Structure formats: C-alpha cells, structure tokens
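Below is one structure, written out as structure tokens, with a few remarks after it.
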Amino acid sequence: MQKRIPVVSLPQFLLHSLDILKNPLPFHLDNFKRHGDVFRLKIGFKNSVIFSRDAALAEYVLQKNWKNYTKSPIQTVDLAKYLGKGLLTSEGEHWRRQRKLIQPAFHKKQLAKLLGSIEETIIEALSGVETGITTDVFPIFNDLAFKTVVRSLFSNAASDEEIAQLQHSTEMNQKMLVKELRQPYLGWYFRASGKIEEHIKLAEASKAILRDIIIRRKKSSKRYDDLLDMLLDARYDDGSAMSEEQLIDEILVLFVAGHETTANTLSFTVQLLAHHPEWQKQILNEFEKMGNSEQDLMQLVMSSQIVTQVIEESMRLYPPAYFIDRVNLEADNFNGFTLEKGSSLLFSIYEIHRHPDLWESPEKFMPERFKSDKARNYSSFYFPFGAGPRKCIGNNFAMFEMILTIVQLVSRFEIVRVKDVIEIKPLITLKPKNALVKFRKRNLDMR
Ligand code: HEM
5 MQKRIPVVSL
15 PQFLLHSLDI
25 LKNPLPFHLD
35 NFKRHGDVFR
45 LKIGFKNSVI
55 FSRDAALAEY
65 VLQKNWKNYT
75 KSPIQTVDLA
85 KYLGKGLLTS
95 EGEHWRRQRK
105 LIQPAFHKKQ
115 LAKLLGSIEE
125 TIIEALSGVE
135 TGITTDVFPI
145 FNDLAFKTVV
155 RSLFSNAASD
165 EEIAQLQHST
175 EMNQKMLVKE
185 LRQPYLGWYF
195 RASGKIEEHI
205 KLAEASKAIL
215 RDIIIRRKKS
225 SKRYDDLLDM
235 LLDARYDDGS
245 AMSEEQLIDE
255 ILVLFVAGHE
265 TTANTLSFTV
275 QLLAHHPEWQ
285 KQILNEFEKM
295 GNSEQDLMQL
305 VMSSQIVTQV
315 IEESMRLYPP
325 AYFIDRVNLE
335 ADNFNGFTLE
345 KGSSLLFSIY
355 EIHRHPDLWE
365 SPEKFMPERF
375 KSDKARNYSS
385 FYFPFGAGPR
395 KCIGNNFAMF
405 EMILTIVQLV
415 SRFEIVRVKD
425 VIEIKPLITL
435 KPKNALVKFR
445 KRNLDMR
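At position 234 of the sequence shown the residue is numbered 238 (this note's numbering), and the sequence of numbers has no breaks.
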C-alpha cells in the first residue's frame, strides 16, 4: 500500500526558524510525535527535506540499497571547497578506490602499532588537568584528540608550532562552514567580503605544512610505522601510489573527521560519569579485577568492557554525528513511501537512538544494555559510526583512543558533578555546551 509522507509546511518552518537556529532537535521531535517517523519539511517554495527516525529506512538507505544514494552537497561541495576530495567528501569511483587503498591502515593489527603513541599523548594532555576547580573539559579533549590524530599520522615529525597552525586552520574553517550552513542567505556576503577566500587560503597554508612534512618523510630512511608510513606504502590495484595532492586531501579529512567527534564523546562521557559515580566505581572494580599494570595496550583496551559500555551508551545518548544525510540518484520505494529522484533525506541518529519503540527507558543512562551478550540486538538501530560501506573508517581508532583516555582519567581522578543538566550545542556535530566537572585526585596508576 502506498503511503503519503506527511508534510510540515513552510509557514510552520518559518514560524519556528529562530528556535531551529538555536537548537533544531525539539522541533524535529515534536514533528516526529505528531506525524510519525518520517515527515517532509518544506524549507522553501520548491525545496523540502525528508526527516526520518525510522531505523529500518536508515539501514535500507545506508546499507541495503546504498548504491542508489550519495551524500548531500554539504560534504561533497561546501566542506570539499576547504578540504579537497578526501574520503569524507568524495563520491563514486574516486571514493571507492580511495577507501580500498586506505582501509588497511585502520585495521586493528595496524592500529595496535599506534597505541603506545596514543597513550603517551593522552598522559601528556591529562597532566595539565587541575584538581579542585570547576573545569570545562571540552578544550582539554579537543586538544588531546587533535594531537592524537597528528601524532598517529606523523609520529613526532610535526613541530608544536606546525600542530598549532594546523589545528587553528582546521577549526577556523569548521566555524566558517557552520556560519555558511546556518545562514545560507548570507552566502553572497561571505563571498563578496572575501571571507570564503580567506578561509580557502588558511586551508592552503595547512596544505603547505603537510607537503613539507611529506617531503621530509620521503627523504628520511627511518621507518615510523605510523599512518603516514602506511599511506605512503599503500598501492592501488595497478601498483601505483597515492599522489601527494590526494594524500594531503586525505590527511585534512582525517583532521576534521577524527578530532571534534572524539572530543565531543569524551566530554559527554566524563559528564555522564560525574552524574553516575556508581559507574566510576564499576570501572575501578574492573581495573582491580584486571589486577596488573603490565598488560599490553591492546589487551587493556579489549579487557576494558565496562569503559566500552559506558562510551557506547554515551554515544547512544549523544551521538556526535547526530544527523546523516543522503540524496537518492533514482526514484525509490520503501515500505509504501515513494522517494522521488533527488530527495534530500536526513536521518536523525539522535532520535533513532532515543526511539521509545526501540529502547527500554531511552532517556536513562544504562551502559549495561551494551553488555557483550546484548549488544548484538542493537546493530540495526544503533548507528554512532554510520552504517554500510561508508561507515566511519576510524571507528576502532576512536574507540581505542576513548577507552585509553577514560581508563587513564578514572584511574587518576574522581570525577565530580558540578551542574544538574548536560547541555548540548547541535552544530555540524553534536557538541557539548559548558561541559563542566571537578576532578579530585585518586592514586591508582593503571600503568
Ligand atoms: C567518536 C568518534 C567518531 C564518530 C562518532 C564518527 C562518526 C562517523 C560517521 C557517522 C561517519 C559516516 C558519515 C556518513 O555516512 O555520512 C564517519 C565517517 C568517517 N569518519 Fe568518523 N567518527 C569518529 C571518529 C573518527 C576518527 C578518529 C577518524 C579518523 C582518524 C574518522 C574518520 C572518518 C572518515 C575518513 C570518514 C569517511 C569515511 C567514508 O566515507 O568512506 N572518524 N564518521
């Protein structure tokens, strides 16, 4: 039976536009409650977007019939003008070839070689944590996550000054993109005032730094076994290597995709732990059971089951990629809904992860739902890293980094709650707002 997708009118959209600009999530939830799990929002006289919290439709689009869907121009045009054509921002045959080439660098066996340097970076970042005062944890984790990606790529080949410059331009360009997406009606001004050009120049400066690092590495005879070595060694099916320009684009993409998302999750996780000290105790109990400080890092990561469950539950409640977008190449049908060619689809991962039909007590923090015997049940409606062939290539990298960070943090500090609500700032990613906690010294060194 054919079903009509319910429509939310343009006047309704305009009426709520100021609230939507601040935080679109309540507006979306209200519409899901009124119209069901799929609705069409008119955002112009001709334009509309189909919003969905239907997990089966998300799985169909991202996985089962993925070939009929591309990413929206937000990534492939708006973001690509700063980053170039790396994995996140490319499509079609170019994307497929790059994914095949890069994927092996992110396999667990390769990542095991990076864990030592990741842990060092974490310990260095946490050495700056002050006890007894109210602390916003986001900047700490943001620096930690950026440095982790840079060091995993280049070991110590980038100087502190170069890292600071790369981080500055990555973050400035992300801020600019938020402005462009939130205020599309100012597009003419951003172009005419030279703002966009200014930010493209920032990206060019980053590319020059990366080119320098790559040239230095190519001249060096030493092996580092870091991501750069792996990407330089990688070969396409015809035996050729990645061009320098393509390698630079891929590295810029890894900076963007790999740092804010991780920093967001760490910030939410630490606040959730402050609100639920019983889970800090459970983590400590697990450390005690592990009982020694000599295990290798991969073993430590794999044995940290409670920490893993806490992080998974944190990403259920606060998925950094809270929306995933697609556009269909050809008309499609799903469960009676007709999706005409060129429909813009936005999947609310935030609402799928809190859907009352899918989750028991969806608003409650219950890491135990991710115990290894139960977690498999959620695979068709738990998508923090996306799904299908375009699923996050850095999911293991991110999990390992976040597990090691929480292990180090909880073994050093008691995390104390200072405010009642966990606030969100939904931008391109779901960011934390005022991620405030206090730390008290604990003396339990894991390693
Ligand atoms: C908590 C941390 C992270 C989250 C929640 C996350 C989430 C995601 C999601 C949802 C996608 C798919 C987007 C889509 O289908 O439209 C994605 C793609 C991607 N992520 Fe992550 N990510 C995280 C960390 C990382 C890290 C650490 C890296 C690399 C170091 C990374 C690199 C990428 C890349 C390159 C893509 C594009 C893959 C492709 O299209 O083939 N991500 N990520």
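We treat Cβ as the ideally placed atom computed from N, Cα and C, and that holds for glycine. Predicted model, so just to flag it, every value in this text is computed and none were measured.
Local conformation of residue i per DSSP, three classes
{"i": "residue 64", "result": "helix"}
{"i": "residue 436", "result": "strand"}
{"i": "residue 160", "result": "coil"}
{"i": "residue 401", "result": "helix"}
{"i": "residue 53", "result": "strand"}
{"i": "residue 374", "result": "helix"}
{"i": "residue 69", "result": "coil"}
{"i": "residue 362", "result": "coil"}
{"i": "residue 281", "result": "helix"}
{"i": "residue 431", "result": "coil"}
{"i": "residue 118", "result": "coil"}
{"i": "residue 236", "result": "helix"}
{"i": "residue 89", "result": "coil"}
{"i": "residue 384", "result": "coil"}
{"i": "residue 347", "result": "coil"}
{"i": "residue 133", "result": "coil"}
{"i": "residue 352", "result": "strand"}
{"i": "residue 223", "result": "helix"}
{"i": "residue 113", "result": "helix"}
{"i": "residue 426", "result": "coil"}
{"i": "residue 368", "result": "coil"}
{"i": "residue 7", "result": "strand"}
{"i": "residue 177", "result": "helix"}
{"i": "residue 337", "result": "strand"}
{"i": "residue 389", "result": "coil"}
{"i": "residue 108", "result": "helix"}
{"i": "residue 302", "result": "helix"}
{"i": "residue 84", "result": "helix"}
{"i": "residue 295", "result": "coil"}
{"i": "residue 38", "result": "helix"}
{"i": "residue 253", "result": "helix"}
{"i": "residue 187", "result": "coil"}
{"i": "residue 395", "result": "coil"}
{"i": "residue 27", "result": "coil"}
In DSSP terms, what residue i is bridged to
{"i": "residue 139", "result": "441"}
{"i": "residue 409", "result": "DSSP, once it has assigned bridges, lists no residue as partnering residue 409."}
{"i": "residue 12", "result": "45"}
{"i": "residue 421", "result": "441"}
{"i": "residue 332", "result": "73"}
{"i": "residue 125", "result": "Answer is none; residue 125 lacks a bridge partner."}
{"i": "residue 342", "result": "337"}
{"i": "residue 194", "result": "DSSP lists no partner for residue 194."}
{"i": "residue 327", "result": "352"}
Nearest-angstrom beta carbon gap, residue j and residue i [assumed within contact, 8 Å]
{"i": "residue 402", "j": "residue 312", "result": "Actually they do not touch by this definition, with Cβ atoms about 12 Å apart."}
{"i": "residue 433", "j": "residue 324", "result": "5 Å"}
{"i": "residue 429", "j": "residue 423", "result": "Going by Cβ atoms, the distance from residue 429 to residue 423 rounds to 15 Å, so no, they are not a contact pair."}
{"i": "residue 404", "j": "residue 395", "result": "Between residue 395 and residue 404 the Cβ distance is about 16 Å, and since that is not below 8 Å, they are no contact."}
{"i": "residue 120", "j": "residue 301", "result": "7 Å"}
{"i": "residue 316", "j": "residue 370", "result": "At roughly 11 Å, the Cβ-Cβ gap does not stay under 8 Å, so residue 316 and residue 370 are not in contact."}
{"i": "residue 83", "j": "residue 181", "result": "6 Å"}
{"i": "residue 122", "j": "residue 156", "result": "6 Å"}
{"i": "residue 44", "j": "residue 11", "result": "5 Å"}
{"i": "residue 305", "j": "residue 410", "result": "The Cβ separation is near 11 Å, so there is no contact."}
{"i": "residue 133", "j": "residue 126", "result": "That belief does not hold up - the Cβ atoms of residue 133 and residue 126 are roughly 11 Å apart, past 8 Å."}
{"i": "residue 213", "j": "residue 170", "result": "6 Å"}
{"i": "residue 444", "j": "residue 135", "result": "6 Å"}
{"i": "residue 1", "j": "residue 235", "result": "Any property of residue 1 remains undetermined from this structure, which presents the chain solely from 5 to 451."}
{"i": "residue 441", "j": "residue 286", "result": "Wrong, their Cβ atoms sit about 18 Å apart, outside the cutoff."}
{"i": "residue 350", "j": "residue 53", "result": "6 Å"}
{"i": "residue 161", "j": "residue 217", "result": "5 Å"}
Any non-hydrogen atom of ligand 3 closer than 6 Å to residue i Cβ
{"i": "residue 324", "result": "Among the ligands modelled here, namely ligand 1, ligand 3 does not occur."}
Handout entry: Cβ pair count under 8 Å reaching 3, the stretch 149–158 against the stretch 411–429
Key = no
Practice task
Would you check if there are 3 or more beta carbon pairs closer than 8 Å linking the stretch 103–118 to the stretch 283–296?
Solution key: no
Practice task
For the stretch 175–190 and the stretch 77–95, state whether three or more C-beta atom pairs, one from each stretch, are separated by less than 8 Å.
Solution key: yes
Handout entry: Sufficient close CB pairs (3 or more, under 8 Å) joining the stretch 333–352 to the stretch 240–254
Key = no
Handout entry: Three or more C-beta pairs below 8 Å linking the stretch 64–75 and the stretch 328–337
Key = yes
Handout entry: Three-pair Cβ contact test at 8 Å for the stretch 164–181 versus the stretch 197–209
Key = yes
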